[in-house]
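Asker: The structure that follows is given in the form of structure tokens.
Encoded structure:
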């Protein structure tokens, strides 16, 4: 099973050969670590994921949480896995030693968490939401709030959520209607309904800590009026102990296409006027605080989509090597043995496409994680500043490109299995259903696309895009100078494509300045185009490293050749197909806005 979760050689390649993660140990925060301790953490994650998460992945899909009128019931194995995750230290992986954490870099932590996502994305969601919840309280909570909430969250005795969405507002968060009325003791009375709250109710933990966006009475409309509140299911006393009910009621469970192991809930706060919340951060700064959790969650969504794609690819590859069917063209003897389907050109095409998408996406996510580490504690101030520019620019891509093309990867995994892929006898159909959520939650593909084009591409007068351009150009120049004709060919192709992207971006930003609706109308195509260019850069980077490592590690020659082959495939098929998209995007009036509603 472990081999079907991830290729460890690939993970090591990205972490150590591409990103030089071992050098992080030179930073003061990680001085107690070494490559050996990093590998030990990943080994532990691999064992726990295989032992506690993977075995009940199908069972949780077939047995959704149920509400018996009093309690939401989940499979016992779900709670066992969450407790094993917490006991292993992964809830607090990046936290200070004083809080029981391991002080792991984000790059290594994300590598560990990737294994749990591959093993069981539904159960792992309880863990990751809690970790993000705790990170936000650590960042914005008062000393008192940290003392009362963090120990129980980081030990896994309590789990956490974020409660944003409301049925009337949907993705339009500034239109939320939940209210917070000040009380005499400095706390707030919370009233409102939330929908699609993942892990909003369950029987896994002693308490559930919700982070709730609401509007304080008298606050202005829109985003400026939203504040953030800690609202536990059970009230928490001054000693950090859970006690009586806090008037947070389950209004219903939502039944989903996939991701069925995670409860999705409708919650009602303050039906009986007894829901108490504590302000976290400053009044009116709720979205700013929440974006700390949301940005972390968006990287997590990208990694989740990536790992569902990755494990789907690994399953398809294993199946294609074992399944015998048909004969090669020219083999006319019907008595001759059938061949494994991996021998057929079209099957190999599908597998190579999956490899290019899934391994490209994993490298993309880990590049973002490394930027998060560099922003947090790179010893060079200029490097910290550059990471702070690049990470926000890439977050919409990290969240949405793997979600979109990871789903395409899962679709191909089903196709490789043929008719069997459409049955529940094999797990690839579940991976597809589970992955379909990732283009929807934490901001849909279209919302991420508008964020990228309308906000990120031109932010800081285009400085972020310019810094990314400089990094891409350094890789291009290095590939041209490598002496390898293929790398040089790809470098020339990426150079041309990247310059075209910059020109398309300029045209669109000029249009947005005059007519934002027209300029953003085809933003989804822009995100796909931008993502393909970024992933092409990452594949060129991987191929350069593989080319250099071939002489150092001849025992891994096939692995490195696989990297170079996937790079070739991505450039010859995926990047080559983006050229017409520039024409579509630059002709800004050619969009769906030209179609009258009555024509649809």
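In UniProt numbering, the protein residues as written are 1 to 600.
Note that the Cβ used here is the ideal one computed from N, Cα and C, for glycine as well.
Being a predicted model, the structure only gives us computed values, none of them experimental.
Between residue 467 and residue 390, is the Cβ-Cβ spacing less than 7 angstroms?
Answerer: Yes.
Asker: Under 8 angstroms: do the region 134-152 and the region 190-198 share three or more Cβ pairs, one atom per stretch?
Answerer: Judged by Cβ distances under 8 angstroms, the region 134-152 makes no contact with the region 190-198, as fewer than three pairs qualify.
Asker: I need the DSSP call for residue 534, collapsed to helix, strand or coil.
Answerer: If DSSP states are grouped into helix, strand and coil, residue 534 belongs with the helices.
Asker: By Cβ distance below 6 angstroms, which residues in the same chain neighbour residue 38 in space, the five residues on each side in sequence not counted?
Answerer: Answer for residue 38: 108, listed in chain order.
Asker: Helix, strand or coil for residue 243 per DSSP?
Answerer: Reduced to three states, the DSSP call for residue 243 is strand.
Asker: Pick out whichever of 484, 483, 25 and 119 has its Cα sitting closest to the Cα of residue 50.
Answerer: It is 119.
Asker: According to the neighbour-count rule (16 or more other Cβ atoms, all chains shown, within 10 Å of its Cβ), is residue 427 buried or exposed?
Answerer: Buried.
Asker: Please go through the same chain and pick out, in chain order, the residues whose beta-carbon is closer than 8 angstroms to the beta-carbon of residue 257, but skip the five residues on each side of it.
Answerer: The residues are 433, 436 and 437.
Asker: Do you know offhand how far residue 398's Cα is from residue 184's?
Answerer: Cα to Cα, the separation comes out at about 44 angstroms.
Asker: Alpha carbons only, please: which of 304, 464, 233 and 339 is nearest the one belonging to residue 385?
Answerer: Checking every option, the nearest Cα to that of residue 385 belongs to 464.
Asker: For a minimum of 4 consecutive residues, which ranges assigned as the alpha helix (DSSP H) are wholly contained in the UniProt domain "Acetyl-CoA dehydrogenase-like C-terminal" (480-593)?
Answerer: Correct list: 485-514, 516-519, 523-549, 557-569 and 579-586.
Asker: Enumerate, from N- to C-terminal direction, the unbroken beta strand (DSSP E) stretches of 3 or more residues contained entirely within the region 50-126.
Answerer: Correct list: empty.
Asker: Taking the beta carbon of residue 552 as the centre, do at least 16 other beta carbons fall within 10 Å, making it buried, or is it exposed?
Answerer: Burial call: exposed.
Asker: According to the neighbour-count rule (16 or more other Cβ atoms, all chains shown, within 10 Å of its Cβ), is residue 246 buried or exposed?
Answerer: So residue 246 ends up on the buried side.
Asker: Our contact map puts residue 585 next to residue 508 with C-beta atoms below 8 angstroms; I'd like the distance itself, whole angstroms only.
Answerer: Confirmed, Cβ separation roughly 6 angstroms.
Asker: Would you kindly work out how many angstroms separate the C-alpha atoms of residue 259 and residue 122, rounded to a whole number?
Answerer: Each residue's alpha carbon lies about 5 angstroms from the other.
Asker: Which same chain residues end up closer than 6 angstroms to residue 300 when comparing Cβ atoms and leaving out the 5 residues on each side of it in sequence?
Answerer: Taken in chain order, the residues that qualify are 128.
Asker: My output table needs one value for residue 233: the three-state DSSP class, helix, strand or coil.
Answerer: Looking at residue 233 - three-state DSSP - the assignment turns out to be coil, as it is neither helix nor strand.
Asker: Could you check whether the region 29-46 touches the region 131-138, counting it as contact only if at least three pairs of C-beta atoms, one from each stretch, sit closer than 8 angstroms?
Answerer: Contact fails: fewer than three Cβ-Cβ distances are below 8 angstroms.
Asker: Pick out the complete alpha helix (DSSP H) segments inside the region 458-482, 4 residues or longer, and give them in chain order.
Answerer: For the region 458-482, whole alpha helix (DSSP H) runs of length 4 or above, ordered along the chain, are 459-480.
Asker: Helix, strand or coil for residue 193, going by three-state DSSP, please let me know.
Answerer: In the structure shown, residue 193 sits in a strand (DSSP, three-state: E or B).
Asker: According to DSSP, what are the bridge partners of residue 310?
Answerer: None; residue 310 has no bridge partner.
Asker: Assuming residue 358 contacts residue 408 (C-beta within less than 8 angstroms), just tell me the rounded distance between them.
Answerer: No, residue 358 and residue 408 are not in contact; Cβ-Cβ is about 10 angstroms, not under 8 angstroms.
Asker: Looking only at its chain, what residues have a beta carbon closer than 6 angstroms to the beta carbon of residue 174, apart from the 5 residues adjacent to it on each side?
Answerer: Once the five neighbours on either side are set aside, the close Cβ partners of residue 174 are 222 and 223.
Asker: Could you spell out where the alpha helix (DSSP H) holding residue 10 opens and where it closes?
Answerer: Start and end: 8-12.
Asker: Taking the DSSP output, what are the residues bridged to residue 216?
Answerer: Note: residue 216 sits in a beta bridge opposite 180.
Asker: Suppose you measure from the CA of residue 8 to the CA of residue 400; what does that come to, to the nearest Å?
Answerer: Those two C-alpha atoms are separated by around 25 angstroms.
Asker: Count the other CB atoms within 10 Å of the CB of residue 529; is the residue buried (16 or more) or exposed (fewer)?
Answerer: By the 10 Å Cβ count, residue 529 comes out buried.
Asker: Using a Cβ-Cβ cutoff of less than 6 angstroms, which residues in the same chain neighbour residue 505 once the five nearest sequence positions on both sides are dropped?
Answerer: Result list for residue 505: 457, in chain order.
Asker: Measure from the alpha carbon of residue 238 to the alpha carbon of each residue in 440, 576, 303 and 144, then state which is nearest.
Answerer: The shortest C-alpha separation from residue 238 is found at 144.
Asker: Could you compute how far the alpha carbon of residue 91 sits from the alpha carbon of residue 205?
Answerer: So the alpha carbons of these two residues sit roughly 14 angstroms apart.
Asker: In terms of DSSP beta bridges, what is residue 265 paired with?
Answerer: According to DSSP, residue 265 bridges with 197 and 253.
Asker: Which stretch, first to last residue, makes up the beta strand (DSSP E) that contains residue 159?
Answerer: Unbroken beta strand (DSSP E) run through residue 159: 158-163.
Asker: Verify the contact flag: residue 355, CB atom, against every heavy atom of the ligand NAP, threshold strictly below 6 angstroms.
Answerer: Of ligands this structure carries none, so the ligand NAP is not represented either.
Asker: Run through DSSP, which three-state label would residue 276 get?
Answerer: Reduced to three states, the DSSP call for residue 276 is strand.
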